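Take the sequence shown: its position 13, counted from the start at 1, is 917 in this note's numbering, and no numbers get skipped.
Comments concern the structure below.
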Amino acid sequence: MDNQSLYDLLDPMAIWTLVVFVGCWWGYAFYALHYSKRRTCLVSVLHQFRLAWMSRLLRRDNRIADASVMANLERSSLFFASSSLLIIAGLFTAFSYSEQALSIINEFYFLAPMSQTEWELKIIVLVLIFVYAFFTFTWSVRQYNFCSVLVGSAPLATERGIEESERELYAMHMAKICSLAANQFNYGLRAYYFAMAFSAWFLGPYFCMASSIMVVAVLYRREFRSKTFKTLSRGLVIKSHAS
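Encoded structure:
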């Protein structure tokens, strides 16, 4: 690494851009995790619906539809896990052809000029993000597998010798595992969003900072202020009245 490349990496604007990016990602993750424990949000509302789902599952013997829903949820995580591998392979290809890629990029006036070292480091960061996404999605798949095992071993509605409190406890455990799997899926999607924000750094540091803030705004609106969240919340009220 030459002195010029080292100077570029230690540039205050580059450091500030990285701080804003990491701060937006980790800051929002911390906020969403703790906010969901105090007030209703998309995550907490969906957990209540999963509780209702598992409670009703234990009241019927035919669970083919439940197994089908679980398989659909698992396939969604598998799709993004496979996509992460393809993206990682593409990024390694871009890393291998750094000189050729830079020669093409430098011809576009709207892209920020960068050294080969800076290009390679940005590619490495993107690889790390999608590696994290891959492990997150695969862990989501495994947790859905665990939940499928719980569904398969759930006591039948006509089975005797099981107290109602035991059924409720079993339903709570199934809903908890299902929610943990859904949370991991959510974390993986969040990694995709912030990977797109980081990719804006190829246009310039200001684009990366603006994209990071925009991703936080989009995620906040979807999880805490969206019409989907409000509709699900009203459905939760209807469910509580019906029960």
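Just so it is clear, CB atoms sit at the ideal spot from N, CA and C, and this is done for glycine as well.
Quick caveat: nothing in here was measured; it's all calculated off a predicted structure.
In chain order, what residues of the same chain have a beta carbon less than 6 Å from the beta carbon of residue i, not counting five sequence neighbours either side?
{"i": "LEU1136", "result": "VAL949"}
{"i": "CYS945", "result": "GLU1127, PHE1128"}
{"i": "PHE1089", "result": "SER981, SER1044"}
{"i": "ALA1104", "result": "PHE1111, CYS1112, SER1115"}
{"i": "LEU1140", "result": "VAL949, GLN952"}
{"i": "SER1130", "result": "none"}
{"i": "SER1083", "result": "HIS951, ARG954"}
Along the chain, where does the alpha helix (DSSP H) containing residue i start, and where does it finish?
{"i": "ARG1169", "result": "Examination of residue 1169 is not possible in this model, given that the chain is present from 905 through 1147 alone."}
{"i": "TRP1105", "result": "Counting along the chain, TRP1105 falls outside any alpha helix (DSSP H), and DSSP gives it neither H nor E."}
{"i": "ARG999", "result": "Per the sequence shown, residue 999 should be read as Phe rather than Arg. First-last of the alpha helix (DSSP H) with PHE999: 968-1000."}
{"i": "CYS928", "result": "916-942"}
Apart from the five residues just before and just after residue i, which ones in its own chain have a Cβ nearer than 8 Å to its Cβ?
{"i": "LEU910", "result": "In this predicted model, LEU910 has a pLDDT of only 49, less than 50, meaning its place in the structure is not dependable enough to derive any value."}
{"i": "TYR939", "result": "CYS945, PHE1128"}
Using alpha carbons as the reference points, say which of the options lies closest to residue i.
{"i": "SER981", "options": "ARG1046, PRO1017, THR1021, GLU1022", "result": "ARG1046"}
{"i": "PHE984", "options": "PHE1041, CYS1112, LEU1006, SER1007", "result": "PHE1041"}
{"i": "ARG967", "options": "GLY1065, SER986, VAL1055", "result": "VAL1055"}
{"i": "ASN1049", "options": "ILE1081, ALA956, ALA969, ARG1071", "result": "ILE1081"}
{"i": "ASP965", "options": "LEU1093, ALA1061, LEU1107, LYS1134", "result": "ALA1061"}
Quick one, are the C-beta atoms of residue i and residue j less than 8 Å apart?
{"i": "PHE1098", "j": "VAL1119", "result": "yes"}
{"i": "ALA1086", "j": "LEU962", "result": "no"}
{"i": "PHE1039", "j": "PHE925", "result": "no"}
{"i": "ILE992", "j": "VAL1031", "result": "yes"}
{"i": "SER959", "j": "ALA1075", "result": "yes"}
For residue i, which residues in the same chain have their Cβ closer than 7 Å to its Cβ, ignoring the five residues on either side in sequence?
{"i": "SER1002", "result": "GLN1020, TRP1023, GLU1024"}
{"i": "TYR1096", "result": "ALA1037"}
Would you say residue i reaches chain B, if we count a Cβ-Cβ gap shorter than 8 Å as a contact?
{"i": "ILE992", "result": "You won't find chain B in this structure, because it holds only one protein chain."}
Please specify which runs of the alpha helix (DSSP H), each continuous and at least 4 residues long, are wholly inside the segment 1035-1100, giving them in chain order. Counting only runs of 4 or more, we get nothing.
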